[in-house]
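Structure, as structure tokens:
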Amino acid sequence: HGTMRINSKGHLEIGGCDTVALAKKFGTPLYVIDEELLRQNCRAFYNGFKRDYPGNEVIYASKAFMTMAICKIIEEENLGLDVVSGGELYTALKAGFPPEKIYFHGNNKSREELIMALENDIGKIIVDNWHELNMLNELARKMNKVPNIYIRVSPGIEAHTHQYVKTGQIDSKFGFPLFNGDAMRAIEYALTLKNVNLVGLHSHIGSQIFDSYSYKAEIEIMMNFIKLIKEFLGWEVEELDLGGGFGIAYTEEDDPQPIEKIAHEMMQSVKEYSVSLNVKMPKIIVEPGRSIIGNAGTTLYTVGAIKEIPGIRKYVAVDGGMSDNIRTALYGAKYEAIVANKARLPRVEKVSIAGKLCESGDMLIWDILLPEIEEGDILAVLSTGAYNYSMASNYNRLPRPAAVLVSNGQADVIVERETYEDLVRKDVIPERLLSVKR
Ligand code: LLP
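Using our numbering, you'd call the opening residue of the sequence shown number 57 and step up by one each time.
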């Protein structure tokens with residue numbers, strides 16, 4: 057996918073760069089980001105949601121993968137940014153991202169984070185709960201500001217790929233529940249507050265959603281709620297943020313529909329409800345994370361120890377693992393992989409890819425067919441762009457990998473590899489331990 061191809065040496069190439077050469081030059085593990093595919097993904101969302109509806113916004117959920125360079129690309133592609141912490145907000149501002157296109161999420165924003173958002177006049181603050189609503193109004197009053205806000209509604213459905221389930225409705229840490237009247241009360245109350253400007257509603261139903269079916273269920277619920285708000289409070293909702301969750305194909309088991317098609321069906325549905333319910337057509341906001349960056353990322357590893365338990369399993373260990381990709385261990389996620397220096401060779405043996413960290417659950421791929429593999433081979437694990445680097449840790453004191461952006465044969469470092477020195481940089485030895493007594 058993207059700019060991936062096999063070059064004349066039989067090596068995997070991304071963005072015109074030989075991945076075996078990348079591994080040699082930058083070391084492994086290495087995150088490789090295909091700039092062209094990243095931009096294509098941005099454009100698919102832009103074309104699907106915004107081209108025909110200029111009032112709409114597509115905001116990249118930066119939790120999926122955020123660095124300052126990525127912020128630059130997102131800005132250039134005319135998308136907004138969804139941040140969920142002071143750290144993400146800081147990164148965006150440092151990268152010069154336009155504050156008015158930043159949307160601030162989170163179910164427990166601190167006082168300091170809200171002050172930072174207010175000081176920088178960011179676009180929208182998505183208010184999650186009563187505590188935050190009151191705190192924000194109070195802080196804004198003191199700072200003489202009136203931030204634009206959305207109320208986050210917990211719509212009571214949860215999507216899993218193409219299914220959705222009603223979740224007993226109220227049991228979620230996020231948002232004001234719809235079905236016990238809390239969301240309506242919050243909106244009524246927010247409209248009375250002087251230092252917040254309520255402009256819209258937000259909801260988010262899940263992740264890895266492959267078609268418009270679950271989104272239409274969400275749209276039905278939210279548009280009916282908008283109708284109720286109009287009847288009860290006389291307030292017309294201007295903006296409706298439907299969250300993220302658009303799925304990608306990690307393996308051939310996954311079959312997501314093209315984003316333009318999903319977008320078209322969602323916008324059609326919003327239109328129909330606004331006509332049939334006789335409410336103003338709201339501007340639509342979506343928050344894709346994984347579907348923007350997921351398939352644009354590949355992780356390169358070097359193969360080390362290989363251990364065969366005859367008749368049972370062949371473990372192929374690489375020089376990273378759950379510290380750079382925790383998704384297999386945490387969610388049972390599945391990945392596809394290619395031996396980068398043997399990209400054209402037939403896949404002849406079933407192996408399992410293990411990490412190098414000290415626990416048995418540290419596996420990257422269970423049971424994959426690969427060409428005959430040996431120490432020193434470069435293994436490329438595909439579609440690791442989302443929630444790999446962003447969820448990386450220093451477990452076992454492994455330095456976090458570097459990330460390079462590749463395009464047209466050029467590779468630029470966008471995150472430097474951590475060093476051992478970085479690992480101890482924040483360590484402090486208290487005075488009384490400095491002269492250790494033996
Ligand atoms: N908006 C909200 C309010 C969210 O909570 C999320 C994801 C998104 C947007 C972006 O969702 P996406 O389009 O990326 O699916 N660590 C997990 C995923 C957690 C998603 C949390 N919220 C994983 O690795 O699969």
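A virtual CB, placed ideally from N, CA and C, is assigned to each residue, including glycine.
Considering only the alpha carbon of each residue, which of the options lies closest to residue i?
i, options, result
"Asn164", "Asp138, Glu156, Met191", "Met191"
"Thr355", "Ser330, Tyr387, Val372, Tyr391", "Tyr391"
"Leu170", "Ala319, Arg453, Gly152, Gly143", "Gly143"
"Asp90", "Ala467, Leu489, Arg494, Arg488", "Ala467"
"Ile275", "Phe235, Gln324, Pro154", "Gln324"
"Pro110", "Trp291, Asn397, Leu135, Tyr445", "Leu135"
"Ala399", "Lys65, Phe281, Glu477", "Lys65"
"Asn200", "Asp184, Tyr116, Asn253", "Asn253"
"His258", "Ser228, Lys363, Ser268, Ser210", "Ser210"
"Arg208", "Gly299, Arg403, Gly367, Lys370", "Gly299"
"Ser347", "Phe101, Thr59, Ile421, His161", "Phe101"
"His216", "Ile368, Val326, Gly301, Lys157", "Gly301"
"Ser270", "Asp184, Ala77, Gly303, Met172", "Gly303"
"Ala79", "Glu113, Gly417, Val140, Val395", "Val395"
"His187", "Gln96, Gln264, Glu487, Ala242", "Ala242"
"Ile382", "Ile365, Ser416, Arg403, Val404", "Ser416"
"Glu287", "Met240, Ser268, Gln264", "Met240"
"Pro233", "Ile277, Ser263, Leu174, Gln264", "Ile277"
"Pro263", "Met172, Ala305, Gly231", "The sequence given here has Ser at residue 263, not Pro. Per the Cα distances, Ala305."
"Gly172", "Cys73, Leu145, Arg481", "Rather than Gly, the amino acid found at residue 172 in this sequence is Met. Out of Cys73, Leu145, Arg481, Leu145 has the C-alpha closest to the C-alpha of Met172."
"Ile96", "Asp310, Leu189, Pro314", "One detail in the question is off: residue 96 reads as Gln in this sequence, not Ile. Comparing Cα-Cα distances from Gln96 to each of Asp310, Leu189, Pro314, the minimum goes to Pro314."
"Ala273", "Asp478, Cys73, Val326", "Val326"
Regarding residue i and the ligand NAP, is the C-beta to nearest heavy atom distance less than 7 Å?
i, result
"Asp310", "With respect to the ligand NAP, the structure offers nothing, as its ligand set consists of the ligand LLP."
With a CB to CB cut of under 6 Å and the five nearest residues on each side skipped, what residues in its chain are close to residue i?
i, result
"Arg61", "Glu69"
"Tyr357", "Thr84, Pro85, Val374, Asp375, Gly376, Leu435"
"Gly255", "Note on identity: in this sequence residue 255 is Val, with Gly being the wrong assignment. The residues are Asn204, Glu294, Glu295."
"Leu454", "Ser379"
"His57", "Asn351"
"Lys283", "Leu333, Val335"
"Ile365", "none"
Kindly list the residues whose CB is nearer than 7 Å to the CB of residue i, restricted to its own chain and excluding five residues on each side of it in sequence; keep chain order.
i, result
"Glu194", "none"
"Gly224", "Interpretation of Gly224 is limited by its pLDDT of 46, a score under 50 that renders its predicted location unreliable; no figure is taken from the coordinates."
"Pro457", "Pro85, Leu86, Tyr87, Gly376, Asp380, Arg473"
"Asp423", "Lys406, Ser408"
"Ala151", "Met124, Cys127, Lys128"
"Asp483", "none"
"Ile349", "Leu94, Ala120, Phe121, Gly441, Ala442"
"Lys157", "Gly136, Leu137, Gly179"
"Arg494", "none"
Considering only the beta carbon of each residue, do residue i and residue j sit closer than 8 Å?
i, j, result
"Arg373", "Gly360", "With the sequence shown as reference, residue 373 is identified as Ala, and Arg is not the correct amino acid for it. Taking 8 Å as the Cβ cut-off, Ala373 and Gly360 qualify as a contacting pair."
"Val469", "Val462", "no"
"Lys412", "Leu425", "no"
"Asp380", "Ala442", "no"
"Pro155", "Ile129", "no"
"Tyr116", "Gly353", "no"
"Ser408", "Lys363", "no"
"Pro312", "Phe281", "no"
"Leu386", "Pro427", "no"
"Leu93", "Thr123", "no"
"Phe121", "Tyr451", "no"
"Ile261", "Glu214", "yes"
"Gly71", "Asn464", "yes"
"Tyr206", "Val183", "yes"
"Ala393", "Ile421", "yes"
"Asn112", "Leu149", "no"
"Met279", "Ser228", "no"
"Glu133", "Cys98", "yes"
"Val114", "Pro344", "yes"
Quick one: residues in its chain with C-beta nearer than 8 Å to the C-beta of residue i, no 5 flanking neighbours on either side, listed in chain order?
i, result
"Lys81", "Ala467"
"Lys250", "Asn193, Arg197, Val202"
"Leu247", "Leu254, Leu289, Trp291"
"Glu316", "Ala100, Asn103, Gly104"
"Thr75", "His67, Leu68, Glu69, Val88, Thr354, Leu356, Ala396, Ile434, Ala436"
"Thr475", "Pro455"
"Ala410", "Tyr371, Val372, Ala373, Val374, Gly377, Asp418, Met419, Leu420"
Are the C-beta of residue i and some C-beta of chain B separated by less than 8 Å?
i, result
"Ile243", "The structure shown contains no chain B; it is built from a single protein chain."
**Asked** Okay, do the segment 322-342 and the segment 284-299 touch, 3+ Cβ pairs below 8 Å being the bar?
**Response** The segment 322-342 vs the segment 284-299: in contact.
**Request:** Note down, one range per segment and in chain order, each beta strand (DSSP E) of at least 3 residues found wholly within the segment 403-429.
**Result:** 405-410, 419-426
**Ordered list of beta strand (DSSP E) runs contained in the segment 165-191, each at least 3 residues** = 180-183
**Asked** Considering only residues of the segment 342-386, which uninterrupted beta strand (DSSP E) runs meet the minimum length of 3 residues and lie entirely inside it, listed in chain order?
**Response** 353-365, 369-374
**Length at least 3, wholly inside the segment 235-282: the beta strand (DSSP E) runs in chain order** = 253-258
**Asked** Hey, which unbroken runs of the alpha helix (DSSP H) at 4 residues or more fall wholly within the segment 131-161?
**Response** 142-150
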